[in-house]
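What follows is one structure encoded as C-alpha cells, with my remarks underneath.
Protein chains in written order, with the UniProt record's numbering: chain V, 1 to 360; chain A, 1 to 360.
Put into C-alpha cells, the structure is as follows:
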C-alpha cells in the first residue's frame, strides 16, 4: 500500500473545483474518480469543460458520490450554508474530507462536522491552499527564529479584490442564504488565518471590528476589518474587501525582524514565490540609509500550492487507510481556531463594534 | 537676487542636526552660518565633530543665533516641549522657521507658532524629510491617477524601530518633560503624515486608538496605534513603536490600484528609491497567478531627501525676501493637519480608547 493512490470525488461543480481537480491530477498520490453535481448535465459539462479523463464517473447528485465505495475522499466546494449537511454526511459515509473555506457559518456548526469526522475516523482539512506552498514553511522558519525575528509584536493582513458588477449581483459570496459571511468568510478567512499563522496559532484574547463595514442590500458584508489583541501586547489588524484592488499582504513585525509578503494567498506566479525579510535593521551613519538591507527569499515550487495541499491531504488519508494511523488533528484544529476568530469578528460587527472575547 | 543663498542658523546640537547641517551644505541655495547651543563648548564640539567650515559662527546660546542679523532662517531640532518658546521667538526675530517634528505638544501650541510666523511674515516648514524625496512626488502621481489607482479605500502605515536600552533610558523621546508624546510624536507623526498624504490631506472624521499602548514608567508612549475613519468609508490604521524591528510601511489601496513602499521615511539608500504598484490586478486562468504583475518604480535622487527639503524651504525664503512673495501656506497647513490627527489619537489614548472627532 506504499503507493496507494487516494481516489477523490468532487461534490459541486464550483469554479474553484476547476483548480482543485487539476491539483488532484498533479498530485502524485491522488486521482480524480468522480464528479457529482445537481444534475448529470451539469456534472458532465464540467467534466468536458475541464478535460477530465473518461474514467472519471459523472453523477447527477452529491449523494451518489458519497455512496460510491470506490471513492476515498471528497472535495467539497459547496456554498458555506451547505457545509454542515454535506460534510457531516460525507464523514458518515467514511469519506475523508477536504472542505472549502470558510468551513462553516459558525464554530458550533463546525464542531458538528468535526464530531462526525472524529466518530467516523476520517481526516479533515480545509482548502486554504497557501498553507501548503513551500514558501509558507520558509516564512514560518523565519517567524520562529528567536534571533532573526524575535518575539512577534504586530501583524497586518489584507485581502481585497475588486469584484465586478456581475460578482456583486450574482456571486454566491454575496448571497445571504448561501455564503452569509460574505467578504469576512471569503477574504477575511485568509487574513485571520495568516494572523494566526504568524502568531503560531495562539488565539487572540479579544477582537474589535472596525466600525465601517460595507454591507449589501441583503446585509452581506462586502468589506470589513478588525483589530485583534493578545494578553502579551501583540496586536494584529486586517482588512478584507470585495471593493478594493487585488491586494494580499502579510506584514509581521517582531522585536528583531520584519516579514513582508504581498501575494500570500495566490503567489504572483506558479513556478516560484518570494518573501522579503529584514533583521536587526539599523541605519547607516547619519541615518541616510538602511544597514543591513532587506533580503528577498525566492522559493521554487515543484508543484502548484494546491497540488501540495492535495498531496499532503492524500498522504494523511493513506496513513489512515493503509497504516491504521489516527487522523492528524493539526488541520482541523487550525480550521477551528480560524473559525473562532471569524465568529468573534462577526459578533463584534453585529454588536456595535464592541470588544468580543474569542471563545474557547 | 536670483542666486540668493539662504543663511541658516541651527539652534540645538541635536543628533538630527548633523544630517540637516550636511543637507544645508548640499543644497545649492543654502549655507550654514551659525550653530548655537547651551554653551560655546557644546556648539564648538558639534561644529568640530561635523567638520563645519571655520566661517560657521559658534554661539553659546539660542538667543545669540536669533539675534544675528546675518541669519535668514533657523533650523530648530529642540525637544518638542521647547518648540513653542523658541519657534515663536525665532519668528518674532524674523527668522524663517524649519522646525523638527512633532511641531508642538498640541495644536493650540502650534497655532501660537503659526500666529507668530504669520504676524512676522516668515515661512514655516516642518522637518518631515521624506515629503521632499523625488519618489514622493511620483507616489503622489500614482495615488492621484483616477484610472490606475482610483478612489482610496484604505491605508496602513507603520513606523517602528527597536530602541536599545540606552535610548529607552535616556533619549529625549522617552522623557515626559521633553518629548511628552513619545513614540506617537516621533514615529507616529510619520505614520499620520503618510496617511494624510495618501488621503490628499483630507482630514479623517474620527480616530480610535488601539487599546494596547505601551507606556514607560513616566507614562510616555513607547508603542501605540489607531484606526482613522472618513465619512466616505475610507479607513486607515497605523502602528508606531520603539519596541519592534525597524519597519517603515505605507500600503495604500484604491478601487483600481495598490501602492507598497517599505522604506518611506528613510529610503534604503541615498542614490535612488523605489516603490511598487499594481493596477487593475486580476488572475491568470485557473487563478494560479497574477495578471498583470506588480511594477517596481525606481526613482533616482540627485540630492539626499533632506537636501531637497532645505532647497525647497530656501526657495520659499528667497521668494519672500527677494521677491516679496507671501509665505507658502501649504507646509504649515500640512503640519497643522498632522498635529490635529495626532492630538485626536492622544485624546483617544487618554480617554479610554473611545472614538474622538478630529478637531477643526
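Glycine included, every Cβ here is placed at the ideal spot set by N, Cα and C.
Residue 73 of chain A and residue 317 of chain A have their C-alpha atoms roughly 8 Å apart. Per the DSSP secondary-structure output, residue 134 of chain V pairs with nothing in a beta bridge. About 6 Å separates the beta carbon of residue 235 of chain A from that of residue 227 of chain A, a gap short enough to meet the 8 Å contact definition. Interface flag for residue 80 of chain V against chain A is unset, since no Cβ pair is found closer than 8 Å.
Exposed is the label assigned to residue 15 of chain A, since fewer than 16 other Cβ atoms lie within 10 Å of its Cβ. The Cβ atoms of residue 156 of chain A and residue 212 of chain V lie no closer than 8 Å to each other. Listed along the chain, the chain V residues whose CB falls inside 8 Å of the CB of residue 289 of chain A are 266, 267, 268, 269 and 270. 15, 16, 18, 19 and 22: these are the residues of the segment 12 to 25 of chain V whose beta carbon lies less than 9 Å from some beta carbon of chain A, given in chain order. Judged by beta-carbon spacing, residue 64 of chain A lies beyond the 8 Å limit of residue 76 of chain A, meaning their Cβ atoms are not closer than that value. Contacts between residue 101 of chain V and chain A, judged by CB atoms closer than 7 Å, are missing: the closest CB pair is about 14 Å apart. Under the rule that a run must span 4 or more residues, the alpha helix (DSSP H) segments found entirely inside the segment 77 to 139 of chain V read 83 to 92 and 107 to 120. The alpha helix (DSSP H) runs lying completely inside the UniProt domain "GFO/IDH/MocA-like oxidoreductase" (145 to 259) of chain A and spanning 4 residues or more are 165 to 170 and 189 to 198, given in chain order. For the pair of segments examined, the segment 238 to 245 of chain A was found to touch the segment 237 to 254 of chain V: the number of CB pairs separated by less than 8 Å reaches three. Identification of chain A residues near residue 156 of chain V by a Cβ-Cβ cut-off of 9 Å yields 156, 158, 237, 239, 249 and 251, ordered along the chain. In the DSSP assignment, residue 332 of chain V falls outside any beta strand (DSSP E) and lies within the alpha helix (DSSP H) extending over 330 to 350. Under the 8 Å criterion on CB atoms, residue 106 of chain A is classed as non-interfacial with respect to chain V. Under the 10 Å beta carbon count, residue 327 of chain A is surrounded by 16 or more other beta carbons and is classified as buried. Counted as a single uninterrupted DSSP element, the stretch harbouring residue 273 of chain V is not any alpha helix (DSSP H) but the beta strand (DSSP E) occupying residues 272 to 279. Among the residues facing chain V, residue 350 of chain A is not included, as its CB has no counterpart in that chain under 8 Å away.
Along the segment 272 to 303 of chain V, going in chain order, the ones with a CB nearer than 8 Å to a CB of chain A are 276, 278, 279, 280, 281, 282, 283, 286, 287, 288, 289, 290, 293 and 294.
Proximity of the segment 79 to 95 of chain V to the segment 298 to 309 of chain V falls short of the contact definition, fewer than three beta-carbon pairs being nearer than 8 Å. If you draw a straight line from the Cα of residue 278 of chain A to the Cα of residue 286 of chain A, it comes to about 20 Å. Listed as beta-bridge partners of residue 59 of chain V by DSSP are V:36. Residues of the segment 46 to 74 of chain V with a C-beta less than 9 Å from any C-beta of chain A: none at all. Judged by beta-carbon spacing, residue 241 of chain A lies within the 8 Å limit of residue 153 of chain V, meaning their Cβ atoms are closer than that value. Within a 10 Å sphere around the beta-carbon of residue 106 of chain V sit 16 or more other beta-carbons, which makes this residue buried. Secondary structure of residue 296 of chain A (DSSP, three-state): strand.
Think of a sphere of 8 Å around the beta carbon of residue 211 of chain V: the chain A residues whose beta carbon falls inside it are 208, 229 and 355, in chain order. If you draw a 10 Å sphere on the C-beta of residue 38 of chain V, you find fewer than 16 other C-beta atoms in it, and that means exposed. Taking C-beta separations shorter than 7 Å and ignoring five residues to either side along the sequence, the partners of residue 89 of chain V in its chain run 66, following chain order. The straight-line gap separating the alpha-carbon atoms of residue 48 of chain A and residue 57 of chain A is approximately 12 Å. Here the segment 182 to 197 of chain A lies against the segment 327 to 344 of chain A, with 3 or more beta-carbon pairs under 8 Å apart.
The beta carbon of residue 182 of chain V lies closer than 7 Å to those of 173, 174, 220, 221 and 222 in the same chain, with the five residues before and after it left out.
Taken through DSSP and simplified to helix, strand or coil, residue 263 of chain A comes out as strand.
Within a 10 Å sphere around the beta-carbon of residue 354 of chain V sit fewer than 16 other beta-carbons, which makes this residue exposed. Between the beta-carbon of residue 356 of chain V and that of residue 158 of chain V there is about 21 Å, and that puts the pair past the 8 Å contact cut.
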